[in-house]
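What follows is a short report on a single structure.
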Amino acid sequence: MKQHLLTAILAASAAATPLAQAPAAPAVPVSGDNGDMGGIFGMGFGTSSASSSTSGLGSLLSGISSFFGPAKGSTPPKASGLPAAAAPPKPASTPAAAASSGITAMLGGLLNNLDISSLVPTGPEYPKGKPSLQDFYDPGSGPYPAHFFTVPGLTRHTVYAPIKPPPPSLKMPVFIWGNGGCTSSGTPYAMFLTEVASYGYLVIANGPPGGAPPTLDIPRGAGAGGLPGPDGKPKYTMADAAAGGMSTIKDMNDAIAWVVNGNAKEYGNVSTTDFATGGSSCGGLEAYSTAYHNDRVKLIGVYNSGVIMPNKRALLQELKAGVALFPGGPKDMGYENSNADYAALPKNIPAFYASLDSGHLGTFFAKRGGKYGRATVQLFEWYFRGDAKARAAWTDPAAPGGLIAEHWQNVTHRNFN
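Mature numbering (1 follows the signal peptide of the UniProt record, and there is no 0) puts the sequence shown at residues -16 to -1, 1 to 401.
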């Protein structure tokens, strides 16, 4: 069952056929959930038979959705072409379908003990081996050991925060996270998100806890198909892993509103004005759309992703927040999308780009999020706190532990010092 599920998804990706150009279409609302495809979301399915997606990423997401069944959608707006600096990736057709809850269970335990790297192309920087439960519950390398939990006012989310609040002198920006596949399962990316939180950030992920990373080494019988606790005893079930269904852009907005309304005060000096949105693959598109026309969002992290529908890329010109793109090299299905996005971003906003040859899965599922975890913390520390060492990690090729030393490629930025 496990292998057949992902094989079907990847088969849908391989079956896509090229189109000459993306079709023009009427405008849609500037914001909304995954159903009405507001803002930049533009996944390329759930629209019409004429819809188009870009490269293997769009085909993969469409394949996921086709496998799990239809839901409503709408039509993307007409947009102008890319700047001459970048040629758009070749578009590909996709079926008209949107997503349902099954993909959550896939990440939440269905692929446990399956070598996912044999199904999704990876590069040489993809982490070797499987993290242990001890790795999964590691509190992070930062000065404020962190953990994850739930709160009554956010039943569709998982919160990551330092176990003990940092001193009041430390302002805590907030990172709102969207998962790969737009799954509503808040713990598959826990090692990465805990690492970020351990440096004094509040992190809120779409979905309740219960899902395990697909690479987690779970002792036989420990998790009853779900995620065990740190002691190895059963804690979450497959039902917990799948309970959240699919996430929406509204989920991210709800998390922002929860913080703005003063509900996060007990976790430290949490900012109500400094937000970052971020996400992997489909979650990166949610991050874009949540930040679209939202002045509270100061930075958008787009991991292994990028705008899929070429006739939505011009909407990037309306962004005011900084954008950081983290593709996984040529084997990443989102690589061409990321490259086209970087060239199409407004020339007056902060923009960051770094590619690690990991493939579409990045290094999220390694202890502390691997190299993605370190690069993200370095970016946040530079962007939100002006840390000189973190800046050097991004700008000085000779910096120990910097991105170049860690084999990131094409590391660049503009409009930020």
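Every residue gets a Cβ at the ideal spot worked out from N, C-alpha and C, and that includes glycine.
Checklist entry - Regarding Ala389 and the ligand GTP, is the C-beta to nearest heavy atom distance less than 6 Å? => result Although the ligand GTP was asked about, the structure shown includes no ligands whatsoever.
Checklist entry - What's the gap between the Cα of Tyr272 and the Cα of Leu340? => result Working through the sequence shown from its first residue, we reach residue 272 at position 288. Working through the sequence shown from its first residue, we reach residue 340 at position 356. Each residue's Cα considered, the two are about 21 Å apart.
Next on the checklist: At the level of alpha carbons, what is the spacing between Ser116 and Val104?
Outcome noted: On the sequence shown, position 132 is the one that residue 116 refers to. On the sequence shown, position 120 is the one that residue 104 refers to. If I take the Cα positions, the gap works out to 21 Å.
Checklist entry - Name the DSSP bridge partner or partners of Ser339? => result What you label residue 339 is simply residue 355 of the sequence shown in a count that begins at 1. Note: Ser339 sits in a beta bridge opposite Gln393.
Item to check | Given Arg297 as reference, the closest of Phe310, Asn278, Ala328, Gly267 once Cα atoms are compared | outcome: For the purposes of this step, residue 297 is identified with residue 313 of the sequence shown, where counting begins at 1. Checking every option, the nearest Cα to that of Arg297 belongs to Ala328.
Checklist entry - What whole-angstrom Cβ distance do Gly313 and Gly107 have, given they're in contact under 8 Å? => result As a working mapping, residue 313 is identified with position 329 in the sequence shown. As a working mapping, residue 107 is identified with position 123 in the sequence shown. Sure, about 5 Å apart at Cβ, within 8 Å.
Checklist entry - If we call anything under 7 Å between Cβ atoms a contact, is Ala275 one with Ala239? => result Reading the sequence shown from its first residue, position 291 is the one you call residue 275. Reading the sequence shown from its first residue, position 255 is the one you call residue 239. Not in contact: Ala275 and Ala239 (Cβ atoms no closer than 7 Å).
Next on the checklist: Given this structure, state the Cα-to-Cα distance separating Thr261 from Ser102, to the nearest angstrom.
Outcome noted: Residue mapping note: residue 261 aligns to position 277 of the sequence shown, counting from 1. Residue mapping note: residue 102 aligns to position 118 of the sequence shown, counting from 1. Rounded to whole angstroms, Thr261 to Ser102 spans 30 Å at the Cα level.
Checklist entry - Which residues mark the beginning and the end of the beta strand (DSSP E) in which Gly357 is found? => result Here residue 357 is taken as the residue at index 373 of the sequence shown, counted from 1. Element bounds for Gly357: not the beta strand (DSSP E) but the alpha helix (DSSP H), 354 to 369.
Item to check | Boundaries of the beta strand (DSSP E) in which Val244 is found, first to last residue | outcome: Residue numbering aside, residue 244 sits at position 260 when the sequence shown is read from its first letter. Run containing Val244: none in the beta strand (DSSP E); it sits in the alpha helix (DSSP H), 233 to 244.
Item to check | Under the three-state DSSP convention, the category Asp119 falls into | outcome: Within the sequence shown, residue 119 is the residue found at index 135, counting from 1. Asp119 falls in the helix class under three-state DSSP.
Checklist entry - With 16 as the cutoff for other CB atoms within 10 Å, does Thr257 come out buried or exposed? => result The residue given as residue 257 occupies position 273 in the sequence shown. It counts as exposed.
Checklist entry - From what residue to what residue does the alpha helix (DSSP H) around Tyr287 run? => result In the sequence shown, the residue the question calls residue 287 occupies position 303. Not the alpha helix (DSSP H): Tyr287 falls in the beta strand (DSSP E), residues 281 to 287.
Item to check | Neighbourhood of Lys155 by C-beta distance below 6 Å, restricted to the same chain and skipping five residues each side | outcome: Numbered from its first residue, the sequence shown carries residue 155 at position 171. Excluding residues within five positions, the ones whose Cβ falls inside 6 Å are Asn253, Ser255.
Next on the checklist: Please report the straight-line C-alpha distance between Leu363 and Pro334, rounded to a whole angstrom.
Outcome noted: Along the sequence shown, read from residue 1 onward, the residue named residue 363 stands at position 379. Along the sequence shown, read from residue 1 onward, the residue named residue 334 stands at position 350. Approximately 12 Å between the Cα atoms of the pair.
Next on the checklist: Across the stretch 174 to 182 and the stretch 222 to 232, are there enough close Cβ pairs to call them in contact, namely three or more that are closer than 8 Å?
Outcome noted: no
Item to check | Backbone CA spacing between Leu3 and Asn332 [nearest angstrom] | outcome: Residue mapping note: residue 3 aligns to position 19 of the sequence shown, counting from 1. Residue mapping note: residue 332 aligns to position 348 of the sequence shown, counting from 1. With a pLDDT of 27 at Leu3, under the threshold of 50, the predicted position of this residue should be treated as unreliable, though the coordinate-derived value follows. Between Leu3 and Asn332, the C-alpha separation is close to 32 Å.
Next on the checklist: Can you tell me where the beta strand (DSSP E) holding Val143 begins and where it ends?
Outcome noted: As a position in the sequence shown, residue 143 is number 159, starting the count at 1. It spans 141 to 146 - the beta strand (DSSP E) in which Val143 sits, taken as one unbroken run.
Next on the checklist: Which same chain residues end up closer than 6 Å to Lys315 when comparing Cβ atoms and leaving out the 5 residues on each side of it in sequence?
Outcome noted: Residue 315 sits at position 331 when you count from the first residue of the sequence shown. Excluding residues within five positions, the ones whose Cβ falls inside 6 Å are Pro105, Gly107, Gly343.
Item to check | Sequence-distant residues of the same chain with beta carbon closer than 7 Å to Ala377, five excluded per side | outcome: Mapped onto the sequence shown, residue 377 falls at position 393. Gln362, Ala383, Gly385, Gly386, Leu387, listed in sequence order.
Checklist entry - For the putative contact between Gly267 and Trp161, defined by C-beta atoms under 8 Å, what is the C-beta separation to the nearest angstrom? => result Counting from one through the sequence shown, the residue named residue 267 turns up at place 283. Counting from one through the sequence shown, the residue named residue 161 turns up at place 177. Yes, they are in contact, since the Cβ atoms of Gly267 and Trp161 sit about 7 Å apart, within 8 Å.
Next on the checklist: I need the DSSP call for Lys373, collapsed to helix, strand or coil.
Outcome noted: Here residue 373 refers to the residue found at position 389 of the sequence shown. Residue state, collapsed to three classes: helix.
Item to check | Environment of Pro67 [buried if 16+ CB atoms lie within 10 Å] | outcome: Your numbering for residue 67 matches position 83 in the sequence shown. A caution first: Pro67 carries a pLDDT of 30, below 50, which makes its placement in the model unreliable, though a value can still be read off. By the 10 Å Cβ count, Pro67 comes out exposed.
Next on the checklist: Please state whether the Cβ-Cβ distance between Pro157 and Phe368 is less than 7 Å.
Outcome noted: On the sequence shown, residue 157 is found 173 positions in, with the first residue counted as 1. On the sequence shown, residue 368 is found 384 positions in, with the first residue counted as 1. A contact, by the Cβ cut-off of 7 Å.
Checklist entry - On the premise that Ser322 lies in contact with Leu303, defined as a C-beta separation below 8 Å, what is that separation, rounded to the nearest angstrom? => result As a first step, residue 303 is located in the sequence shown; it is residue number 319 there, counting from the start. As a first step, residue 322 is located in the sequence shown; it is residue number 338 there, counting from the start. Not a contact, Cβ separation roughly 15 Å.
Checklist entry - Ala189 and Gly170 look like a contact to me (Cβ under 8 Å); what is the Cβ gap, rounded to whole Å? => result Counting from one through the sequence shown, the residue named residue 189 turns up at place 205. Counting from one through the sequence shown, the residue named residue 170 turns up at place 186. That belief holds up - the Cβ atoms of Ala189 and Gly170 are roughly 4 Å apart, short of 8 Å.
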